[in-house]
Amino acid sequence: MPVKNQAAYGPGWKEFSRRIRFERDGGRCACTGQCRLSFAVGVHDGEEERCHATHGSSTASGGRVVLTVAHLCHDASCRDETHVKAMCQRCHLAYDRELHSRNASATARRKRLARAPMLPGLADAGTEALPSLALAPGGADGDRQ
Ligand SMILES: [Zn+2]
Ligand SMILES: [Zn+2]
Ligand SMILES: [Zn+2]
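Everything in the sequence shown is counted per my numbering, starting at 71 for the first residue and increasing by one.
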């Protein structure tokens, strides 16, 4: 949510954002497919095609295009012009969603990897440890009954 993050962007953000959106990127979404929205949904004509949305033009749903600045480096306080792109709200939203789902699967992958080296050891110990746990009197299982 842009409003919530405004403070995190820090001083000078407004001017920086304006320059990127309206001077460098000419008031037009500069997304060239980073959002992964395909031509099928009418945002990009092709793989590398720049988005057609211009600031203030009307959207398919009857609203207005609002250009935002997306950080490709994912650091909202960054002021490196090569790390940012003007993006329409549609591309930006999709870009963030894409990023979040990638992060989620990367986290899951890291967790699996962290557990992986222990698996052979657990499998060996498991055959012996499990029966003795089941036989232990007054175990945790007893409290549930
Ligand atoms: Zn950066
Ligand atoms: Zn766009
Ligand atoms: Zn896009």
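Cβ coordinates follow ideal geometry from the N, Cα and C atoms, glycine included.
Residue 160 is not a Cβ neighbour of residue 124, given a cutoff of 9 Å. For residue 177, the uninterrupted alpha helix (DSSP H) run begins and ends at 159-185, by DSSP. Exposed is the label assigned to residue 181, since fewer than 16 other Cβ atoms lie within 10 Å of its Cβ. Sorting 105, 126, 156 by C-alpha distance to the C-alpha of residue 87 places 156 at the top. Counted as a single uninterrupted DSSP element, the stretch harbouring residue 92 is not any alpha helix (DSSP H), since DSSP gives it neither H nor E. When DSSP reads this structure, residue 124 sits in a beta bridge with 98. Put simply, the backbone Cα of residue 173 is about 22 Å away from that of residue 138. Around the Cβ of residue 162, a 10 Å sphere holds 16 or more other Cβ atoms; the residue is buried. For residue 85 and residue 183, the gap between their C-alpha atoms comes out near 44 Å. Counting the other CB atoms within 10 Å of its CB gives residue 170 a total below 16, which places it among the exposed residues.
In the DSSP annotation of this structure, the continuous segment of the beta strand (DSSP E) that includes residue 137 starts and ends at 137-141.
When DSSP reads this structure, residue 156 sits in a beta bridge with 139. With 7 Å as the limit, the residues whose C-beta approaches any heavy atom of ligand 1 more closely are 141, 143, 145, 148, 150, 153, in sequence along the chain.
For residue 130, the CB stays at least 8 Å from every heavy atom of ligand 2.
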